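Chemist:
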Amino acid sequence: MNSEPGPLLRLHPAAMVIGALGTIRRSISATVIPGLVFLFSQGLSPWTIALVLAGLALVAVLAAVWGFLSWRATSYGVVGGSFRLRQGVFQKSERTIPLEHVQSVDTVQGIVQRAFGVYEVRVETAGGGASEPDASLPALGRGATEELRRGIEGARREPVGAEEASGPEVLRRLSTRDLLIAGATSGQIGVALSLLAVGSQVFDEFLSEAFFRNLVDSLAPNALVLALILVPVVALFAWLLAIAGTVLAHFGFTLSREGDFLYIKRGLLERREATIPLRRIQAVRISEGF
Numbered sequence: 001m002n003s004e005p006g007p008l009l010r011l012h013p014a015a016m017v018i019g020a021l022g023t024i025r026r027s028i029s030a031t032v033i034p035g036l037v038f039l040f041s042q043g044l045s046p047w048t049i050a051l052v053l054a055g056l057a058l059v060a061v062l063a064a065v066w067g068f069l070s071w072r073a074t075s076y077g078v079v080g081g082s083f084r085l086r087q088g089v090f091q092k093s094e095r096t097i098p099l100e101h102v103q104s105v106d107t108v109q110g111i112v113q114r115a116f117g118v119y120e121v122r123v124e125t126a127g128g129g130a131s132e133p134d135a136s137l138p139a140l141g142r143g144a145t146e147e148l149r150r151g152i153e154g155a156r157r158e159p160v161g162a163e164e165a166s167g168p169e170v171l172r173r174l175s176t177r178d179l180l181i182a183g184a185t186s187g188q189i190g191v192a193l194s195l196l197a198v199g200s201q202v203f204d205e206f207l208s209e210a211f212f213r214n215l216v217d218s219l220a221p222n223a224l225v226l227a228l229i230l231v232p233v234v235a236l237f238a239w240l241l242a243i244a245g246t247v248l249a250h251f252g253f254t255l256s257r258e259g260d261f262l263y264i265k266r267g268l269l270e271r272r273e274a275t276i277p278l279r280r281i282q283a284v285r286i287s288e289g290f
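If you count the sequence shown from 1, position 69 lands on 69 in UniProt numbering, and the numbers rise without skipping.
(1) Between the alpha carbons of R156 and E146, how many angstroms are there, rounded?
(2) Would you say R257 and K265 are within 9 Å of each other, going by their C-beta atoms?
(3) Does E124 pass the burial test, meaning 16 or more other C-beta atoms within 10 Å, or should it be called exposed?
(4) Does the distance from the C-beta atom of L268 to that of V247 stay below 9 Å?
(5) Pull the bridge partners of F261 from the DSSP assignment, please.
(6) Less than 8 Å between the CB atoms is what I'm expecting for S186 and A249, so what's the real figure, rounded?
(7) Would you decide whether D260 is buried or exposed? Buried here means 16 or more other CB atoms lie within 10 Å of its CB.
(8) Might you give, ordered along the chain, the residues of its own chain that have their beta carbon closer than 6 Å to the beta carbon of H101, omitting 5 neighbours on each side?
(9) Quick check: what's the CA-CA separation for L140 versus E120?
(10) Please state if the CB of T23 and the CB of D63 are separated by a distance shorter than 9 Å.
(11) By how many angstroms is the C-alpha of E153 removed from the C-alpha of V108?
(12) Going by other Cβ atoms of all chains shown within 10 Å of its Cβ, with 16 needed for buried, is V78 buried or exposed?
(13) Taking the C-alpha atoms as reference points, what is the distance between V282 and Q103?
(14) Quick check on R86: does DSSP put it in helix, strand or coil?
(15) Under 9 Å, do L255 and T275 count as touching if we go by C-beta distance?
(16) Would L11 and P138 qualify as a contact pair, given that the criterion is a beta-carbon distance under 9 Å?
(17) Give the secondary structure of T96 by DSSP, where H, G and I count as helix, E and B as strand, and everything else as coil.
(18) Taking a contact to mean a Cβ-Cβ separation below 9 Å, would you say G67 touches A15 in this structure?
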């Protein structure tokens with residue numbers, strides 16, 4: 001891919017499946033609780049089970065159609081010194097990002113992407129949002145990802161998925177011990193406690209008020225002892241959950257350098273590779289816990 005005008009390219013066909021799965025996931029997350037409440041409130045009769053299965057089948061078919069239409073409507077390319085992304089099934093849109101504004105080109109390979117051998121490519125700019133990339137391509141093959149990186153950065157790069165020892169100088173690699181220490185001191189226990197609180201609210205949907213009243217009445221004589229035991233246990237579980245989250249997110253963390261680029265690789269279930277041009281680093285922040 002070069003900076004001369006040329007036709008825009010399509011995503012990998014796996015983008016249809018990935019898009020459909022994303023639609024199904026969002027639909028289920030919004031309807032799973034009401035659906036289960038309806039199912040159990042009406043009883044497990046053949047009619048209610050058939051109704052739920054028919055609803056799931058309809059969601060799957062609509063998601064597949066939407067995935068195909070989204071794939072057909074999406075194209076990208078490096079044209080005339082800019083990265084262009086066209087998308088939109090009913091409402092067309094085109095995003096143009098000058099190459100000199102691109103801060104980094106990152107790749108993410110989740111479980112689904114790994115199954116198809118594709119990468120999600122995220123294009124970030126210096127003034128972009130902190131949580132969402134400026135442009136995201138959900139599925140590109142290895143060759144297309146490398147070609148896009150070369151077209152945007154205009155420099156020799158490490159091939160996607162290549163071994164770390166094949167070129168760049170490794171500056172820092174975190175061991176499992178380092179990750180355990182980072183997880184234990186990261187202060188993420190609050191996030192874990194929030195997840196436990198959300199989980200307790202889910203159980204509230206299925207357990208009756210009488211159940212909780214009987215439970216409280218039976219435990220009332222030993223409430224103080226129970227609190228002294230339960231509070232540390234919950235805190236310990238949340239702490240271990242925070243450690244596990246840190247290890248999963250940063251497993252295999254490697255910082256390397258080749259020429260004027262830094263490479264960061266990390267992740268166990270979701271592999272992430274970030275590329276940072278040295279000339280575009282604006283600040284370095286150091287945080288130290290207790």
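Ideal placement from N, C-alpha and C gives every residue a C-beta, glycine not left out.
Quantities reported herein were computed from a predicted structural model and do not represent experimental measurements.
Modeler: On the basis of the coordinates in this document:
(1) Note that R156 scores 40 on pLDDT, short of 50, meaning its location in the model is unreliable and no value can be drawn from it.
(2) Contact check for R257 against K265 fails: the beta carbons are separated by 9 Å or more.
(3) Residue burial annotation: E124 is buried, with at least 16 other C-beta atoms found within 10 angstroms of its C-beta.
(4) yes
(5) E258 and P277
(6) Contact flag wrong, Cβ pair sits at about 10 Å.
(7) exposed
(8) T125
(9) 6 Å
(10) A small fix is needed here, since residue 63 is Ala in this sequence, not Asp. Cβ atoms of A63 and T23: closer than 9 Å.
(11) 18 Å
(12) buried
(13) The sequence as given places Gln at residue 282; Val does not occur at that position. About 10 Å.
(14) strand
(15) no
(16) yes
(17) strand
(18) Yes, the Cβ-Cβ distance between G67 and A15 is below 9 Å.
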